[in-house]
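Student: Sharing a structure with you now.
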Amino acid sequence: MQTGMAFWASKTLLSAVELGVFTELAKQPADLASLQSSFGLHDRGAKDFLDALVALGFLKRESGIYQNSPDTDLFLDKAKPAYIGGLLEMCNNRLFGFWNNLTTAL
Numbered sequence: 028m029q030t031g032m033a034f035w036a037s038k039t040l041l042s043a044v045e046l047g048v049f050t051e052l053a054k055q056p057a058d059l060a061s062l063q064s065s066f067g068l069h070d071r072g073a074k075d076f077l078d079a080l081v082a083l084g085f086l087k088r089e090s091g092i093y094q095n096s097p098d099t100d101l102f103l104d105k106a107k108p109a110y111i112g113g114l115l116e117m118c119n120n121r122l123f124g125f126w127n128n129l130t131t132a133l
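All residue numbers for the sequence shown refer to this note's numbering, where the first residue is 28 and numbers rise by one.
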């Protein structure tokens, strides 16, 4: 089951990178309402999305405030020299669609 649903985790990460969530949170931790406003997120989807990032270990949440985990802050903040999100951006923009259509391609 984990392999069959692995796209849930990967697409959650890829969407967070695309939106710039980690770069924004590197500036300062924020609550749900602030993040919804910053990224134009829908009320229901925003909490589920951010909490999924918490469950995956990319974010931490304490007293309703979200912040990057240490590794996320180091590697997924565009302002840091160790940023590796460019590879993830390429995967999201170029490769995800190919794999999404694998059955058709076969």
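From the three backbone atoms N, C-alpha and C, an ideal C-beta is built for every residue, glycine too. Quantities reported herein were computed from a predicted structural model and do not represent experimental measurements.
Under 8 Å, do residue 86 and residue 44 count as touching if we go by C-beta distance?
Tutor: To locate residue 86, count along the sequence shown from 1; it is residue 59. To locate residue 44, count along the sequence shown from 1; it is residue 17. No, they are not a contact pair.
Student: Who are residue 95's beta bridge partners in DSSP?
Tutor: The residue given as residue 95 occupies position 68 in the sequence shown. Paired residues: 86.
Student: Would a C-beta distance cut-off of 8 Å place residue 40 and residue 77 closer than the cut-off?
Tutor: Walking along the sequence shown from the start, residue 40 turns up at place 13. Walking along the sequence shown from the start, residue 77 turns up at place 50. Result no, Cβ atoms of residue 40 and residue 77 do not sit closer than 8 Å.
Student: Considering only DSSP beta bridges, list what residue 60 is partnered with.
Tutor: Along the sequence shown, one-based indexing puts residue 60 at 33. Beta-bridge pairing links residue 60 to no other residue.
Student: Give the DSSP-derived three-state secondary structure of residue 72 in the structure shown.
Tutor: Counted from its first residue, the sequence shown places residue 72 at position 45. Helix at residue 72.
Student: Quick check: residue 105 and residue 50, are their CB atoms within less than 8 Å of each other?
Tutor: Translated into the one-based positions of the sequence shown, residue 105 becomes position 78. Translated into the one-based positions of the sequence shown, residue 50 becomes position 23. Yes, the Cβ-Cβ distance between residue 105 and residue 50 is below 8 Å.
Student: Taking the alpha-carbon of residue 89 as reference, which of 65, 131, 57, 112 has the nearest alpha-carbon?
Tutor: One-based indexing of the sequence shown puts residue 89 at position 62. Taking only the C-alpha atoms, the option nearest residue 89 is 57.
Student: Which class does residue 33 belong to by DSSP, given the choice of helix, strand or coil?
Tutor: For this step, residue 33 is matched to residue 6 along the sequence shown. Three-state result, residue 33: helix.
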